[in-house]
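In what follows, a single structure is set out as structure tokens and then discussed.
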Amino acid sequence: MAGKLKTLAARVILIGLAIHAVLLPILFYGLLYIVKQSHEEGFVNDVRKYSRFLADDFEFEGTVSDHVRAVRLLDSAILGSDGVYAELKDGDTLIRSGLVPDDSTGDYEEDFAFGQHGDHIYFLSIPLDIPDRQVVLRMGFDELPTIEQVRFARHRLAIVLFLYLIVSIIALVLLSTRMTRPLQALQRASRNIAKGQHSDHLQVDSQLTEIRELARDLESMRSELVGVNASLSQEIAEKERADKRRKLLESKLRQVQKLETVGVLAGGIAHEFNNILVPIFLYTEQAIDDLPAESPVHAQLERVLKSSNRAKSLVQQILTFSRQSGNPEHKAVDVRPIVEEALELLRALIPSTVELHQDLAADACMVLADRNQIHQLVMNLCSNAYQALDETGGAITVLLDRCAVDEQFCRDHPLLRVGRYVRLGIYDTGHGIDRNNLDRIFEPFYTTRAVGKGTGLGLSVVHGIAVSHSGDITVESEPGKGTRFRVYLPEMGGREAPETG
Amino acid sequence: MSPARVLLFACMGIMLCLEVLGAERKVVLVAGATSPLHDLDSLELRKIYLGFTVRRDGQSVKGLRNTADKDLNRIFLQAVVAMSEKSYRRRLLSLTLRQGIPRPSEYDKPDNLLDALSDDPYSVTYMWDDAAAHSPDVKTLRVLWQGN
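Sequences listed follow chains A and B, in order.
My numbering numbers the first residue of the first sequence as 95 and each following residue consecutively.
My numbering numbers the first residue of the second sequence as 4 and each following residue consecutively.
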């Protein structure tokens, strides 16, 4: 209840009622005073004139001495007005109207104002100007009709003012409603904006200039707010995208640095190990040459040599991964025949449950590369795909095309530069790689296969070859659906200063 | 003083008081002591106080209003001009505005009123009869009103 009284509408009505509570009594009694004064003044004026006129008649017509005529005149005076008493006092003689009750003593005090003496009769005496005689005309007039007229006027006035009060209350209610309606509309719109409905326009139809201007100002503020809000949302979205990209790049950078570190470490070890292998090879081959073929030691040395070859191959792969493999010969080569040759070899190896599709560019895909390493790259990726389909079967798709790498793509793959690249894609429909393993697949000796079913160097070598050719490799995988490797190698003439190594 | 004499004085005092209390007050029409005016009837008097011209000996008679006493003014309005105060004022105003007739001069101090009477022998005014009796500068023309 207290809250409702604090509303603008309630305040307008209460203030209006308070003003009327003060003004209406003042108006009522003020008007009543004027009406009363007017009636009373008119009454006094009339009776004085009337009496004077009668006195003139007595003076000028000389009817005082004629008793019968005097009584008739006095009777006429009473009948022609609200007179209740009329007499002539001629010395000690009284000539009284026959219309005056017999029991009336005529013992009245003279009045000089309406309502004086409280007898409701206005009594006046007028000395007649008759030589040598002291004649006084005494008249009494009824005040009650005038009092009744004033009372009637008071009732009328009360009714009129009461009706005025009713009309005023209705007008106040309508006025307050009309005043508060646009404000309520503004309030609703403001609340909607506060709830986030920024598109709601602040449209208020009011004839009040202040409210109209307020609505216009608020609408202007809303529009500005919407603009600022949209700008902020856009900035936040861009910041989120930038954060996401930054995290991705940081992750890739860490991965590259880790691979670099591991490569340096592994390369160093491989070098030392290679140095150890050299005397083993030399002395084993010399011993084999010195021993007869039928010697049981000969067969054992053959096994030593075989193992040494395997060790040498392993060392070579490590060196390739660490990009320290001997002297790779970077020449202008077309990737397409290398891929076709690798696929020929692969077809002989894969079972019938695995389908091999290829979609190779018709034109030459020239890159500056070591042919053997590119061959190894293709073979390693294809072998990896085939092994992913070994148990379930599926399809391997090999794609070769040329593409343009733009600035946006370079931001996500910092090893690449803007320009044209030869893109080699190896897709399989195997079991895929989960997210945790996906971040580590290019680490050397990291494998998810059983012990003895892989060295964990295949993808490390691929990564090493791609990076050593100023390219990069990307991978997308979804567990249960397959994996997609894409290798980017800078196309010859695709950019002005291709970096190598 | 003998008791008989005290009783006599007491009776005289009582009679005097009764005479004073029972005395009828009168309002009289007066003019200056040297005025040639003798009498004015009620109609002439009304004409004078409503601003119309009444001549005596070729001179215009002026009416002076005595406003020093409220009761006197009421009696004047009722017994002389026979109007309410507002009507009388309206009437004078109307005459002044329509015909250029000057309103009767008003005096609220008796001395000023008596001076004005002395200055113009053709001027009249009204006052209580006892006041007129005590003033040697005025003469009473006639009784205008007599109280009960």
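Ideal Cβ positions, reconstructed from N, Cα and C, are used throughout, including at glycine.
Note that the structure is predicted; figures quoted are calculated from it, not measured.
Taking only the alpha-carbon atoms, compute the straight-line gap between A/G550 and A/S325 and give it to the nearest angstrom. 50 angstroms
Straight-line gap, B/L24 to B/G150 (C-alpha atoms, nearest Å): For B/L24, the predicted model reports a pLDDT of 48, less than 50, meaning its position is unreliable; a value from the coordinates is still stated below. About 12 angstroms.
Answer yes or no: does any C-beta atom of chain A fall closer than 8 angstroms to that of B/V31? no
Quick one: residues in its chain with C-beta nearer than 7 angstroms to the C-beta of A/E590, no 5 flanking neighbours on either side, listed in chain order? Summary for A/E590: the model assigns pLDDT 47, below 50, so the residue's position carries little reliability, and this model does not support an answer.
Taking only beta-carbon atoms, is A/I128 less than 8 angstroms away from chain B? no
Could you tell me which residues DSSP puts in a beta bridge with B/M86? Per DSSP, none; premise fails for B/M86.
Among A/A360, A/D311, A/Q278, A/C497, nearest to A/V409 - alpha-carbon criterion: A/A360
Taking 8 angstroms as the CB-CB cut-off, is A/V165 touching chain B? It does not; no Cβ of chain B falls within 8 angstroms.
At a Cβ threshold of 8 angstroms, is B/M86 touching chain A? yes
Buried/exposed call for B/N69, threshold 16 Cβ in 10 Å: By the Cβ neighbour-count rule, B/N69 is buried, with 16 or more other Cβ atoms within 10 Å of its own.
The beta strand (DSSP E) spanning A/P508 covers which residue range? That residue, A/P508, is in no beta strand (DSSP E); it is neither H nor E in DSSP.
Which complete beta strand (DSSP E) runs does the stretch 138 to 205 of chain A hold, if anything under 3 residues is left out? The DSSP assignment places 177 to 184, 187 to 190 as complete runs of the beta strand (DSSP E) inside the stretch 138 to 205 of chain A, in order along the chain (cut-off: 3 residues).
Near-chain B residues of the stretch 135 to 146 of chain A (beta-carbon distance less than 7 angstroms), N- to C-terminal order: E135, V138, N139, R142, K143, S145, R146
On the criterion of 16 or more Cβ atoms from any shown chain inside 10 Å, does A/M315 qualify as buried, or is it exposed? exposed
Three-state secondary structure assigned by DSSP to A/T542: coil
Cβ-based burial, A/Q599 [other Cβ within 10 Å; buried from 16]: As displayed, chain A neither begins before 95 nor continues past 595, which places residue 599 of chain A out of reach and without an answer.
Say whether chain A places a C-beta atom closer than 8 angstroms to the C-beta of B/G25. Only weak support exists for where B/G25 lies, its pLDDT of 49 falling under 50; the coordinates are left without a value.
Taking A/L231 as the query, report the chain B residues whose CB atoms sit under 9 angstroms from its CB, ordered along the chain. What A/L231 touches in chain B: nothing, since even the nearest Cβ is about 10 angstroms away.
Can you say whether A/V391 is buried or exposed, counting buried as having 16 or more other CB atoms within 10 angstroms of its CB? exposed
Cβ distance (whole Å) where A/T523 is taken to contact A/G576 below 8 angstroms: 4 angstroms
In whole angstroms, what separates the C-alpha of A/Q228 from that of B/S45? Going by C-alpha positions, A/Q228 is about 14 angstroms away from B/S45.
For B/W148, which residues in chain A fall below 7 angstroms Cβ to Cβ? P221
Which residues in the same chain have their Cβ closer than 6 angstroms to the Cβ of A/L193, if we skip the five residues on either side of it in sequence? D169, I172
Can the beta-carbon of A/Y144 be found closer than 8 angstroms to that of A/S175? yes
At a Cβ threshold of 8 angstroms, is A/D150 touching chain B? A/D150 counts as touching chain B.
Since B/L53 is in the alpha helix (DSSP H), which residue starts that stretch and which ends it? First-last for B/L53: undefined, no H or E at that position.
Could you tell me whether the Cβ of A/L218 comes closer than 8 angstroms to any Cβ of chain B? yes
Does DSSP classify B/L146 as helix, strand or coil? It is worth fixing the name first, because residue 146 of chain B is Val in this sequence and not Leu. Strand.
At a CB distance below 8 angstroms, what residues from the stretch 181 to 211 of chain A approach chain B? Give them in sequence order. Going along the stretch 181 to 211 of chain A in chain order, one finds E203, E204, F206, A207 with a Cβ nearer than 8 angstroms to chain B.
Boundaries (first-last residue) of the alpha helix (DSSP H) holding A/F415: 390 to 415
Identify the contact partners of A/E153 in chain B, using a Cβ-Cβ distance below 7 angstroms as the criterion. Residues of chain B passing the Cβ test: S45.
Using a 10 Å radius around the Cβ and a threshold of 16 neighbouring Cβ atoms, would you call A/K130 buried or exposed? buried
Give the single residue among A/H469, A/A247, A/E344, A/L319 whose Cα lies nearest to the Cα of A/I128. A/A247
Could you tell me the alpha carbon to alpha carbon distance between A/V267 and A/H114, rounded to whole angstroms? 14 angstroms
Beta-carbon spacing of A/C497, A/Y515 below 8 angstroms: Taking 8 angstroms as the cut-off, the beta carbon of A/C497 is found closer than this to the beta carbon of A/Y515.
Whole angstroms is fine: what's the gap from A/L454's alpha carbon to A/R580's? 14 angstroms
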